[in-house]
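The next block holds one structure in the form of structure tokens; read it before the comments.
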Amino acid sequence: MSDNKNIDSSVSNSDTAPVARLTMQNLGKRYGKRWVVKDVSFSVEQGQVVGLLGPNGAGKTTSFYMVVGLVNMDKGRVTLGKMDLSKYAMHERARAGIGYLPQEASIFRKLSIEDNILAILQTRIELSKAEQQQELEKLIGEFHLEHVRTSLGMSVSGGERRRCEIARALAADPKFILLDEPFAGVDPISVGDIKDVILTLKNRGIGVLITDHNVRDTLAICEKAYIVSEGAIIAEGTSSEVLENDLVKSVYLGKDFQV
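Numbering (our numbering) for the sequence shown: 2 to 260.
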């Protein structure tokens, strides 16, 4: 993503509709007789950036995947406003307004950039073909993809691919986007680009949930963080509050960690 450009974040829908909340209540997951996630509860509001963090094997990824719909929960609820999504498949959650960007490349390699985005817009049956085209042009412009719009997904750079994936996620008109390891394996310049994109999503009124092993950069962008250890939430709060938490220091960050 190192070639990312400044993305126009002037468009915001946060003041045009009531703020929705994505709530996870008492999530639990068991493998055999072992509960790897035990009564985990957290929430994200539209226009808010939230981190779900913890050491390896803590249960944070399983918790995150239960929100996405990749892992079935054995107990608990996932709700969007008053809508219970707990039994929804992943594609049904997407239709309800939950977008997901995996760590791995998800672009359609043999489609052009514009067709990648249009493929999602065409699933929105409430839009006419003219409106779909209008939305396409908006997203192509907003994410600075004009110069590669006819290029195949397999031929663009990493930054262009990621911008296309984000534009495609926005084409579904989500209320929330779940980011899986957005900072993994990227150089410092690309980390800055990703932070800019996350702020763009926030300014559009989209709630963002991040899980990542890069604690420093995740805490730097989050308004609130939840720390998972041994399958349970052990702390929550602002970055400063989490960093000052003695239990978090002892099981996760260490006493000398700083952002």
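Every residue, glycine too, gets a C-beta built ideally from N, C-alpha and C. What you are looking at is a predicted structure, and each value in this text was computed from that prediction instead of being measured.
- Proximity to Gln49 across Val229, Val249, Ile199, Leu244 peaks at Ile199, based on C-alpha coordinates.
- Between Val37 and Gly232, the CB-CB gap stays under 7 Å.
- With a cutoff of 7 Å on beta-carbon distance, Gln26 and Arg78 are scored as near each other.
- Taking C-beta separations shorter than 6 Å and ignoring five residues to either side along the sequence, the partners of Glu136 in its chain run Leu122, following chain order.
- Counting every other CB atom within 10 Å of its CB across the protein chains shown gives Met155 a total below 16, marking it as exposed.
- In this structure, Ser230 is the residue among Leu254, Ser230, Ile235 with its C-alpha nearest to the C-alpha of Gly58.
- With 16 or more neighbouring CB atoms inside 10 Å of its own CB, Arg162 falls in the buried class.
- Take the alpha-carbon of Ile141 and the one of Glu147: they are about 6 Å apart.
- With contacts defined as CB atoms closer than 7 Å, Ile228 and Leu54 qualify as a contacting pair.
- Annotation for Asp218: the continuous alpha helix (DSSP H) segment containing it runs 216 to 222.
- For Gln26, the uninterrupted beta strand (DSSP E) segment begins and ends at 22 to 32.
- Within the segment 155 to 208, the complete alpha helix (DSSP H) runs of at least 4 residues fall at 159 to 172, 189 to 204.
- Counting along the chain, the unbroken alpha helix (DSSP H) around Ile141 starts and ends at 130 to 143.
- The C-alpha of Tyr89 lies about 7 Å from the C-alpha of Gly70.
- Inside the segment 35 to 104, DSSP marks whole alpha helix (DSSP H) runs of 4 or more residues at positions 61 to 69, 91 to 97, from first to last along the chain.
- Per DSSP, Ser240 is one residue of the alpha helix (DSSP H) stretching across 240 to 244.
- The beta carbon of Leu220 sits closer than 8 Å to those of Gly52, Leu54, Ala226, Ser240, Val243, Leu244, Val260, all from its chain and outside the five residues before and after it, given in chain order.
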